[in-house]
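Undergrad: Numbering (my numbering), first residue to last: 83 to 423.
Supplied in structure tokens, the structure appears directly below.
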Amino acid sequence: CKEKIVDYSPTSYNLQEPSHFPKMKIPAENPLTNEGVKLGRHLFYEEKLSGDNTMSCASCHAPEIAFADDNAVSVGIDGLAGNRNSMALINLGYQNFFFWDGRSITLEEQILEPVPNPIEMHESWTRAIMKLKNEAKYNTMFYEAFGEEDYDSTHVAKAIAQFLRTMISAESKYDVMYKVENGLVLNDLEQEMYDEITPQEWEGYQLFMSLNGADCLHCHAGPMAQFEGFRNNGLDANFDDLGHFLVSGQASDRGKFKVPTLRNIALTAPYMHDGRFNTLDEVIDHYSTGIQQSPTLDPMIEFAFQGGVQLDEFEKASLKAFLHCLTDHRFIDNPAFSDPE
């Protein structure tokens with residue numbers, strides 16, 4: 083018999099969920115544990131998961147920019163570029179599908195893709211696991227988390243998914259505005275933030291929520307600042323990337339992509355599925371005057387017939403000021419999400 087140097091006695095992770103958020107649905111087959119979250123955090127920053135030991139998940143999801151990528155499209159270890167912008171990793175535990183085209187329906191499934199992808203980390207899972215098993219710390223942590231000595235890629239995916247589910251962003255000025263507008267009680271920290279909200283930021287919030295203003299609420303309202311679905315937001319009249327159609331095969335899904343959260347949007351440039359816009363000003367201009375007509379254009383873009391909502395310069399400045407209210411500095415600076423090494 084081989085003597086175990088550690089015990090398998092995982093402890094339940096105490097997930098602190100915001101009072102104005104829905105309850106997170108955590109899969110029964112992958113409950114949150116302190117040991118699993120710890121392991122997932124190490125693996126998220128582990129470069130040995132890539133073919134040349136230079137790239138980790140964090141390489142394309144950097145903490146200082148809300149776990150996004152500041153390149154239009156990410157470049158893998160062989161210098162090959164993808165065709166889509168890396169999505170920010172924010173509040174993923176509350177979502178039901180992943181990637182811009184929605185091809186994965188669980189976090190665990192999504193996590194399995196980047197490692198063997200030849201234009202991303204370009205490493206076989208067999209070799210990646212072998213490298214992890216050569217590290218004594220990982221053998222210990224996998225046993226503590228899952229009671230497994232002969233662990234595999236599914237355990238890696240489960241651990242990273244546990245870590246990602248703890249990454250909750252809910253302490254921005256936007257959260258305070260949302261709670262005030264919905265008659266919810268503010269805590270002491272939120273009251274301090276409320277006192278710091280400027281008239282211009284409130285003006286931008288009202289524009290954001292107004293059907294006759296910026297008209298953003300159809301896709302980006304609620305505590306998640308995100309409608310969970312697929313929309314064609316008028317970027318193109320003709321599509322180089324067919325988006326969700328590649329998954330569904332339905333003609334009505336041509337040019338539709340997952341609606342991203344606007345949380346921490348001021349930090350996650352460039353924008354859109356292909357990173358075509360470098361600034362918030364460009365994004366605002368698109369919705370103001372740049373909407374392109376196509377058969378699958380979202381009908382909720384009510385002013386598409388005139389190219390957009392036609393905001394004036396004062397309104398654009400107010401809307402931009404509000405978008406900065408979605409920045410959650412405590413999320414960005416949370417040491418629990420940083421590189422453990």
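For every residue, glycine included, the Cβ atom is placed at its ideal position computed from N, Cα and C.
1. So, helix, strand or coil for A154, using DSSP?
2. Within this structure, are the beta carbons of V88 and E226 separated by less than 7 Å?
3. Considering only DSSP beta bridges, list what K130 is partnered with.
4. Who pairs with R313 in a beta bridge, going by DSSP?
5. Can you give me the C-alpha to C-alpha distance between F290 and Y95, rounded to a whole angstrom?
6. Can you have a look at Y90 and say buried or exposed, based on whether 16 or more other CB atoms are within 10 angstroms of its CB?
7. At the level of alpha carbons, what is the spacing between D297 and L362?
8. Checking 7 Å against the spacing of the C-beta atoms, do I373 and G357 come in under that value?
9. Using a Cβ-Cβ cut-off of 6 Å (strictly less than) and excluding sequence neighbours within five positions of Y127, which residues of its own chain qualify?
10. If you count every other CB in all the chains shown that lies within 10 Å of the CB of P113, and 16 or more means buried, which is it?
11. Determine the direct distance from the alpha carbon of E205 to that of I347, and round the result to whole angstroms.
12. First and last residue of the alpha helix (DSSP H) that includes D367?
13. Can you name the start and end residues of the alpha helix (DSSP H) that H237 belongs to?
14. If we ignore side chains and look at the alpha-carbon of each, how far apart do Q332 and E310 end up?
15. Going by C-alpha to C-alpha distance, which of I108, N264 and S251 sits closest to Q244?
16. Is it buried or exposed, A150, if we count other Cβ atoms within 10 angstroms and call 16 or more buried?
17. With DSSP run on the structure shown, which of helix, strand or coil describes E217?
18. Does the beta-carbon of K84 have 16 or more other beta-carbons within 10 angstroms, so that it is buried, or is it exposed?
19. Which residues bound the alpha helix (DSSP H) around P281?
20. Measure the C-alpha to C-alpha separation of D410 and M306 and round it to an integer number of angstroms.
21. Tell me the rounded alpha-carbon separation between E146 and T350.
22. Tell me whether the beta-carbon of V329 lies closer than 7 Å to the beta-carbon of G184.
23. Using beta-carbon positions only, say whether H102 and K261 come within less than 7 Å of one another.
24. What does the alpha-carbon distance come out to for the pair V238 and D394?
25. Taking the alpha helix (DSSP H) that R412 falls in, what are its first and last residues?
26. In three-state terms, what does DSSP make of T115?
TA: Answer, in terms of the structure:
1. A154 falls in the coil class under three-state DSSP.
2. Cβ atoms of V88 and E226: closer than 7 Å.
3. Answer is none; K130 lacks a bridge partner.
4. DSSP lists F339 as the bridge partner or partners of R313.
5. The straight-line gap from Cα to Cα measures roughly 37 Å.
6. Y90 comes out exposed.
7. Between D297 and L362, the C-alpha separation is close to 16 Å.
8. Not a contact, by the Cβ cut-off of 7 Å.
9. If we look at Y127 and ignore the five residues flanking it on each side, its Cβ neighbours are S138, A140 and D421.
10. Burial call: exposed.
11. Rounded to whole angstroms, I347 and E205 show a C-alpha spacing of 31 Å.
12. For D367, the enclosing alpha helix (DSSP H) has its first and last residue at L362 to T371.
13. Here the alpha helix (DSSP H) through H237 covers S235 to R247.
14. Spanning the two alpha carbons is a distance of roughly 18 Å.
15. Ranked by Cα distance from Q244, the first of I108, N264 and S251 is I108.
16. With 16 or more Cβ atoms within 10 Å of its Cβ, A150 is classed as buried.
17. E217: coil per DSSP, three-state reduction.
18. Low per-residue confidence applies at K84: pLDDT is 44, beneath 50, and the placement is therefore not dependable enough to give any value.
19. Taken as a continuous stretch (DSSP letters only), the alpha helix (DSSP H) holding P281 covers P281 to M291.
20. Computed Cα separation, rounded: 13 Å.
21. For E146 and T350, the distance between alpha carbons rounds to 9 Å.
22. Yes.
23. Against a cut-off of 7 Å, the Cβ pair of K261 and H102 comes out as a contact.
24. Each residue's Cα considered, the two are about 50 Å apart.
25. First-last of the alpha helix (DSSP H) with R412: H411 to I414.
26. Reduced to three states, the DSSP call for T115 is strand.
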